[in-house]
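K.L.:
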Amino acid sequence: MTTHLPVTPGWTCGGCGADWPCKTRRRELRAEYDRAPVSLALYLAAQLVDAAQDLTHVPAGHLHHRFLGWTR
1 MTTHLPVTPG WTCGGCGADW PCKTRRRELR AEYDRAPVSL ALYLAAQLVD
51 AAQDLTHVPA GHLHHRFLGW TR
């Protein structure tokens, strides 16, 4: 089980302290959703919605890039 889960309300990684999803969690998510990229995007979009409620000071474009921009 991963230790790289989000710590809210700051949305940092519980495993390494980086912004979540960190590089390690991104790698894990790519492997976990290897044959289901749409499901990965839907999961991350739901996380983005939750994060946007907590991180009101962060521009929406930055959050989009952080949560979804790397999935391409």
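So for the sequence shown, the working numbering puts the first residue at 1; every next one is plus one.
A virtual CB, placed ideally from N, CA and C, is assigned to each residue, including glycine.
1) Of the choices Gly61, Asp54 and His65, whose alpha-carbon is the least far from that of Thr8?
2) Ala46 and Leu63 - do their beta-carbons sit closer together than 9 angstroms?
3) Rounded C-beta distance between Thr3 and Leu44? I'm assuming under 8 angstroms.
4) So Leu68 packs on Ala41, CB below 8 angstroms; how close in whole Å?
5) With DSSP collapsed to three states, give me the class of Thr12.
6) Keeping to the same chain, check which residues put their C-beta closer than 6 angstroms to that of Arg25; ignore five residues upstream and five downstream.
P.N.:
The answer reads as follows:
1) For the purposes of this step, residue 8 is taken as residue 8 along the sequence shown, with counting starting at 1. Its Cα nearest to that of Thr8, the residue Asp54 stands out among Gly61, Asp54 and His65.
2) By 1-based counting over the sequence shown, the position of residue 63 is 63. By 1-based counting over the sequence shown, the position of residue 46 is 46. The answer is no: Cβ separation not under 9 angstroms.
3) For the purposes of this step, residue 3 is identified with residue 3 of the sequence shown, where counting begins at 1. For the purposes of this step, residue 44 is identified with residue 44 of the sequence shown, where counting begins at 1. Actually they do not touch by this definition, with Cβ atoms about 19 angstroms apart.
4) Along the sequence shown, one-based indexing puts residue 68 at 68. Along the sequence shown, one-based indexing puts residue 41 at 41. At roughly 6 angstroms, the Cβ-Cβ gap stays under 8 angstroms, so Leu68 and Ala41 are in contact.
5) Here residue 12 refers to the residue found at position 12 of the sequence shown. Thr12 falls in the strand class under three-state DSSP.
6) As a position in the sequence shown, residue 25 is number 25, starting the count at 1. Closer than 6 angstroms at the Cβ level, and outside the excluded window around Arg25, lie His4.
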